[in-house]
Every structure is written in structure tokens, then in C-alpha cells.
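Student: This is the structure I have questions about; it appears just below.
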Amino acid sequence: MNKLLIISGPTATGKTKLALHFEEWSAAHFVKMARTEITNIWQRKKLPIVVGGTGLYIKNLLHPPTTLFISPDKKLRRQLEQLNMPQLQNKLRRMSPRRFSDMNESDQKNPRRLIRAIEVVKFAKLHQPSEGFANFRPAALHIGLTSSIKEIDRRIKNRIANRLKQGLKQEVKTLVKKYGWDSVLSTTIAYQEWYPYFENKVQLEKVIETWTIHEKQYARRQLTWFKKQPNIHWFDVTASDFPNNIVSLVKQWYYQQYAPRPKIYH
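In UniProt numbering, the protein residues as written are 1 to 266.
Put into C-alpha cells, the structure is as follows:
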């Protein structure tokens, strides 16, 4: 069976840094491209390694929801956006009573979720189910990197200081000039915090303070999400021998025909 190694965890635990992209990106884009590249690596008889802290992307890579590859229908959405919530509810009920009843109460009252549900139902009626990556069933080993909140906060502080030394201020200035604040800069941690600074509304110290808070909040959300996911082998990155322990586990898993039970390694 084809094998796949996954390394994830909250921010500032030592994963490879991810680049900032200024084009629309989604879980569906990621899954399609990642599965294609992983398959290419398998064909070369190599072990693909997926590294990142966006847990939902990793979950969708292994177990994508049936709606993941249904692209937005912009024309339909413009039409549906003219309807109020009761009209959207009635439309979905007529199209698929089961789909409506399967939604929780909150989603049944959420126009955006109702529009997406109508979009999916319409697509399903017009298209045959796609095989997609039906044969993509890797034997995955999921490694999680973690530490105490205190240690993660310390690493966040150090990483922010390093990024400032590396010229982040000038980088943001250059990107804003090229793309403007209406790009993903306005919602991306480490970039969005600079807006009031360049508007001469706050000092650099305030940028750093706000940025630090956002990074810490994000790390805690990641920890909460990952704790709910099964089958992750957690390693404390403050343990002196944690790299060797990871290598040992990966070798066991890769060369033998069994899956070790998930545990926490201190």
C-alpha cells in the first residue's frame, strides 16, 4: 500500500514556513494539487511528506467531503443572493427535503449555507458522480509537533523578532504597493497588523503587540482543533531526543506492515 507521512502542529513548533500566495486558494485547490503531486512521488517509489499547520486541509486531503470538488456557480449565486432566508429555505426544501433536514438549525438559518446547499443539490442533479481520486487511499502516519503554551508563546515572540530583523516591514510596504490592502494582506496574520501603522495611526510597538496576540490566538485555535483529531502521534519539541524518536517511529512504520497506535511522546 502507498504510504504518506504527515507532519503538522500549531504555529511556532518548527514546521516548514509556508509562502504567501496572492491568488484565490481553497481546500479543493490544495487537495487536487497535493494528491496529484503525491501520486507522482509514489510513482517514483519515494515517500511523500506533507508538512503544514492547517488541519482542515490535511483532513480534506485524506477524507474529502463529497462537496469539496463542486466549484461555486457564480451566476446561480447572484440569483440566489436576491432571495431572503425563508425563500432560500423553501427553495432547498423543494429541491431536496432530505438535504434541508440534514442541516443543523444554525445552517438552516444561514443564507450562505443555504445557497451552497442549493448549489450542491443542483450540481448533483446535472452531473454524474465523479470518480476523482477514488483510488487515493494511503496508509498515512500523522506526526504532530507540540509543546506547552508557555513554550509556544516564547517561540512566537522570537519568530516575530526574527521576521522583523529580516525586513518584514519593507516586505509589507512592497506588497501593499503592488497588490493593495484589499488583497489577502487584509486578513493574513503578520501583514494585516501593519495597516494602521502605514496610515500613521499607531507606533511599531502596537503593531508587534497586536501581531503577537493574533499569533497566540491562532496557535490556541490550532491546538484545540488538533486535539479533536484521532490517530496523531504527538511529540514535544522541547524534548532533547524528539527528532530521533520521530525517525525511529517513521522507520518502524515505513519498513513494517503495521500501524503503531497513536500516543504522546515526551
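All C-beta atoms in this analysis are idealised placements derived from N, C-alpha and C, irrespective of residue type, glycine included.
Going by beta carbon distance, what residues of the same chain come within less than 6 Å of A34, once the five residues before and after it are set aside?
Tutor: If you number the sequence shown from 1, residue 34 lands on position 34. These residues qualify, in order along the chain: L61.
Student: How would you label T66, buried or exposed, when you count the other beta carbons within 10 angstroms and need 16 or more for buried?
Tutor: In the sequence shown, the residue the question calls residue 66 occupies position 66. T66 comes out exposed.
Student: Verify whether the separation of the beta carbon atoms of I49 and I118 is less than 8 Å.
Tutor: Stepping through the sequence shown from its first residue, residue 49 is reached at position 49. Stepping through the sequence shown from its first residue, residue 118 is reached at position 118. No, Cβ-Cβ distance for I49 and I118 is not below 8 Å.
Student: Count the other CB atoms, across all protein chains shown, that sit within 10 Å of the CB of Y191; report buried if there are 16 or more and exposed otherwise.
Tutor: Taking the sequence shown and counting its residues from 1, one reaches residue 191 at position 191. Burial call: buried.
Student: I'd like to check one pair, E215 with I160: are the Cβ atoms closer than 8 Å?
Tutor: Along the sequence shown, one-based indexing puts residue 160 at 160. Along the sequence shown, one-based indexing puts residue 215 at 215. Their beta carbons are under 8 Å apart, which means I160 touches E215 by this criterion.
Student: DSSP beta-bridge partners for I232?
Tutor: Residue 232 sits at position 232 when you count from the first residue of the sequence shown. H142.
Student: Give the list of continuous alpha helix (DSSP H) stretches no shorter than 4 residues that lie fully inside the stretch 164 to 235.
Tutor: Qualifying alpha helix (DSSP H) stretches, in chain order: 168 to 179, 195 to 198, 204 to 227.
Student: Provide the residue span of the alpha helix (DSSP H) that contains L80, from first to last.
Tutor: As a working mapping, residue 80 is identified with position 80 in the sequence shown. 74 to 80 is the extent of the alpha helix (DSSP H) around L80.
Student: Short check: CB of F226 to CB of G167, under 8 Å?
Tutor: Within the sequence shown, numbered from 1, the residue matching residue 226 stands at position 226. Within the sequence shown, numbered from 1, the residue matching residue 167 stands at position 167. Going by C-beta atoms, F226 is not nearer than 8 Å to G167.
Student: Are at least three pairs of beta-carbons, each pair with one atom in the stretch 86 to 95 and one in the stretch 164 to 182, less than 8 Å apart?
Tutor: Flag = no, the stretch 86 to 95 and the stretch 164 to 182 do not touch.
Student: For V50, write down the residues that DSSP places opposite it in a beta bridge.
Tutor: Against the sequence shown, residue 50 aligns to sequence position 50. According to DSSP, which records beta bridges pairwise, V50 is partnered with I6.
Student: To the nearest angstrom, how far is it from the Cα of R155 to the Cα of N245?
Tutor: Here residue 155 refers to the residue found at position 155 when the sequence shown is read from its first residue. Here residue 245 refers to the residue found at position 245 when the sequence shown is read from its first residue. So the alpha carbons of these two residues sit roughly 22 Å apart.
Student: Just to confirm the assignment, what range does the alpha helix (DSSP H) spanning T238 have?
Tutor: Taking the sequence shown and counting its residues from 1, the one referred to as residue 238 is at position 238. Unbroken run through T238: none, as it is neither H nor E.
Student: Hey, is the stretch 73 to 83 in contact with the stretch 97 to 107, meaning 3+ C-beta pairs nearer than 8 Å?
Tutor: Verdict: no, contact absent.
Student: Taking the alpha helix (DSSP H) that K91 falls in, what are its first and last residues?
Tutor: For this step, residue 91 is matched to residue 91 along the sequence shown. That run of the alpha helix (DSSP H) goes 85 to 95.
Student: So what's Q43 in DSSP terms, helix, strand or just coil?
Tutor: Stepping through the sequence shown from its first residue, residue 43 is reached at position 43. Looking at Q43 - three-state DSSP - the assignment turns out to be helix.
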